[in-house]
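Chains as they are written, first to last, in this note's numbering: chain A, 4 to 313; chain B, 8 to 452.
Glycine included, C-beta positions come from ideal geometry on N, C-alpha and C.
A quick write-up on the structure given underneath.
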């Protein structure tokens, strides 16, 4: 769907992006991750043709992107504003028309969204009269009104209240289901785990990693397994013997525990289950994957170490 | 183009719907009308009623002035000679505004004096002067000749040989016409300044509010800027039309209701003056002219709307584009709102310079500098207005078109530069604007 090829961009002496490439596939939610100042917003601005890349190209559906393609893109910037003295209705229609909708279409589609987000009573109100949460809904509507094939959201969850975060998440999942592509730049790793299919991580103007969420987690897994059981802790410890090492435990009640276990001597998950069967009552057992938060921090640390060594 | 229009329409609606726009539509023309009223009222009349004491020891005038139906002036007669000091300080004379001293020698030496406490309006001066002179003439005619007063007046009518420029036989290119042009030029610049500041505020609003990022994902900075300038320009034109209509109606009603005699010499003089009007000499015409309030004439008579208005509109649009682009560029480059205020100062100075250039052109219409200033885009809107009002010499009319073309080309050049600054500056905020930023932004494409 979208190919970002060897993009470089400098703002005078400061390098914002250095030869960054990645692909976004049709119908996926793609996470654009990175610490502050890594260059995420610059990538998004380049895709939106707000700034021009010094080098590299952007292809949309195989063709070099041109200004006309902007009508296929929806954009919710990080620092988002609205005309405070315009009415909700006028604002949404105005921005929809800028994205290529006819007046009639803009009206029909805004009606649909006002109903969907239950803000029909507010359509004639000025933006300055709205609560922050309400304004956030309006901002989201503005970015999706023209039914873009590609939706780019820069920090969509920052500043949103939990109810709106849930609302937006559900909308994104629904849009994905109908084949829309979504690029999400965020610091919120929990959301990344929840809704992103693939991610790219940029740091200090460079791409650090790209892959599906599970791939990245797999690459960084540490061989830890968790077992939740009821029974005697002593029986559990005795059963493990030499093939396993207990890392930590959580006590849920008098005889309920969750224990994290590390494999030794090529022991497998199956071996673990075998030795425990009959000793305690296993309620659940799973492989402990690193959270995206851990993956993120790990990758950034690695990158800065490498940079330092160089 | 479609997007520029959408931006323009939004901007236009935002301006026209705002309270300040409505306020300016009411306050602006009201202020101008009030000013005009004051100038009419005070310039034309001064004190409305005058009491004049005529000292006529010899009894020449026989307690009579040629007319007694001038309601503005009451004459009183004293058969004694009164010292100026007595008249000035004496309690019994305080009620009189002026004293006319008619000496018995007046018939031979033809000298008389009118002493006033407060200098009256030109109109009042002319009336008193005229009325007393005619009365003395009447006595002289009776004393020295057998003519009737009408025959005497025919003889008295002076020969009138005057010089006229063949290119301007009716002497239209006077200072007064220059003022009309200057007035138009001032109007252009008031509007440019007013709406230039609106552009600046609108740009900084979008910038600080960050909606600009959403807009720029749909439109190019050039479209955004030109749409904004267009939209605010339309609002300016609407406001301008409102001003013209309100001021026009105001002037009409002022003439019809408040100052009905303002332009009609027959209305404001006594009967004989009206009879004479048909046969008056240059000197009489001169006095009659003085009776007009010059400002009244300026407003009602001198404005050649047919010629000036179309060029006014054209120069207004071109000048607005030229300065509007500069205002937009300043708005886009600034880091904080106070930055903008500072960088507006040079622009405001330029605007004032252009007004001075207009004033200069009015006083030195033939100077080389004026010819140059009419082509300088910063000053041309005012200077050309002045020159247009004064009238171009035959064969030089092309200068107007050349000046307009130069201004338009400069406006497009400035729009190009400004959109470059706009594009590079609009996404920056919170920085401290320095000249090197501007130079960098100008260089980068």
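Against chain A, does residue 17(B) count as a neighbour if the rule is that its beta carbon must be under 8 angstroms from one of theirs?
yes
Which one or two residues does DSSP pair with residue 184(A) in a beta bridge?
In the DSSP output, where bridge partners are listed per residue, residue 184(A) has 153(A).
Kindly say whether residue 208(B), judged by its beta-carbon, lies nearer than 8 angstroms to any beta-carbon of chain A.
no
I'd like the span of the beta strand (DSSP E) that includes residue 7(A), first residue to last.
5–14
Take the Cβ of residue 276(B) as the centre, count every other Cβ of all protein chains shown within 10 Å, and call the residue buried at 16 or more, exposed below.
With a pLDDT of 40 at residue 276(B), under the threshold of 50, the predicted position of this residue should be treated as unreliable, though the coordinate-derived value follows. By the neighbour-count rule (16 or more Cβ atoms within 10 Å), residue 276(B) is buried.
Reduced DSSP secondary structure (H/G/I, E/B, other) of residue 235(A):
coil
From the DSSP output, in three-state form, read off residue 88(B) for me.
coil
Among residues of its own chain, excluding the 5 on either side of residue 25(B), which ones have a beta-carbon nearer than 7 angstroms to its beta-carbon?
none
Comparing the C-beta of residue 225(B) with each C-beta of chain A, is any distance below 8 angstroms?
Interface residue, yes.
DSSP-derived helix/strand/coil call for residue 429(B):
helix
Start and end residues, alpha helix (DSSP H) containing residue 146(A):
135–147
Rounding to the nearest angstrom, what Cα-Cα distance links residue 166(A) and residue 120(A) in this structure?
12 angstroms
Where does residue 151(B) land, buried or exposed, given buried means 16+ other C-beta within 10 angstroms?
Of the residues assessed, residue 151(B) falls on the exposed side of the cut-off, its CB having fewer than 16 other CB atoms within 10 angstroms.
Note down, one range per segment and in chain order, each alpha helix (DSSP H) of at least 4 residues found wholly within the region 44–107 of chain A.
Counting only runs of 4+ residues, the alpha helix (DSSP H) found wholly inside the region 44–107 of chain A occupies 91–101, in chain order.
Which residues share a DSSP beta bridge with residue 18(B)?
DSSP, once it has assigned bridges, lists no residue as partnering residue 18(B).
In terms of DSSP beta bridges, what is residue 1(A) paired with?
This structure does not reach residue 1(A), given that chain A is present from 4 up to 313, and the question cannot be answered.
Return the residues of the region 146–160 of chain A that lie within a Cβ-Cβ distance of less than 7 angstroms from chain B, sorted by chain order.
none
Minimum C-alpha distance to residue 250(A) - residue among 262(A), 244(A), 257(A) and 241(A):
262(A)
Looking at chain A, is there any beta carbon in it that lies within less than 8 angstroms of the beta carbon of residue 258(B)?
no
Residue from 398(B), 423(B) and 8(B) whose Cα sits closest to the Cα of residue 185(B)
398(B)
Between the region 377–384 of chain B and the region 241–254 of chain B, do three or more beta carbon pairs fall short of 8 angstroms?
no
Under 8 angstroms between the Cβ atoms of residue 63(A) and residue 101(A)?
no
How far does the beta strand (DSSP E) with residue 284(A) in it reach, from first residue to last?
284–291
Please list, in chain order, all residues of the same chain as residue 294(B) whose beta carbon is under 6 angstroms from its beta carbon, the five residues on each side excluded.
The pLDDT assigned to residue 294(B) is 47, lower than 50, so where the model puts this residue is not dependable, and the model offers no usable value.
Is residue 46(A) near residue 36(A), with beta carbons less than 8 angstroms apart?
no
Residues sharing a beta bridge with residue 33(A), DSSP
186(A) and 201(A)
Name the chain B residues whose beta carbon is nearer than 9 angstroms to that of residue 10(A)?
Residues of chain B passing the Cβ test: none, with the nearest at roughly 17 angstroms.
Contact set between the region 34–63 of chain A and chain B, restricted to residues whose Cβ is under 7 angstroms from the partner:
Those would be 51 and 53, in chain order.
Below 8 angstroms between beta carbons: does that hold for residue 338(B) and residue 239(B)?
no
In terms of alpha-carbon separation, which member of 94(B), 199(B), 9(B) and 89(B) lies closest to residue 106(A)?
9(B)
Selected residue, minimal CA-CA separation from residue 315(B), among 68(B), 362(B), 192(B) and 112(B)
192(B)
Measure how close the beta-carbons of residue 242(B) and residue 28(B) come, nearest whole angstrom, since I'm counting them as under 8 angstroms.
Their Cβ separation, rounded to whole angstroms, is 7 angstroms, which keeps residue 242(B) and residue 28(B) in contact under 8 angstroms.
Is the CB of residue 102(A) under 8 angstroms away from at least one CB in chain B?
yes
Under the three-state DSSP convention, the category residue 245(B) falls into
Helix at residue 245(B).
Pull up the distance between the alpha-carbon of residue 34(B) and that of residue 232(B), whole angstroms please.
Their Cα atoms are separated by approximately 29 angstroms.
Could you have a look at residue 299(A) and say whether DSSP puts it in helix, strand or coil?
helix
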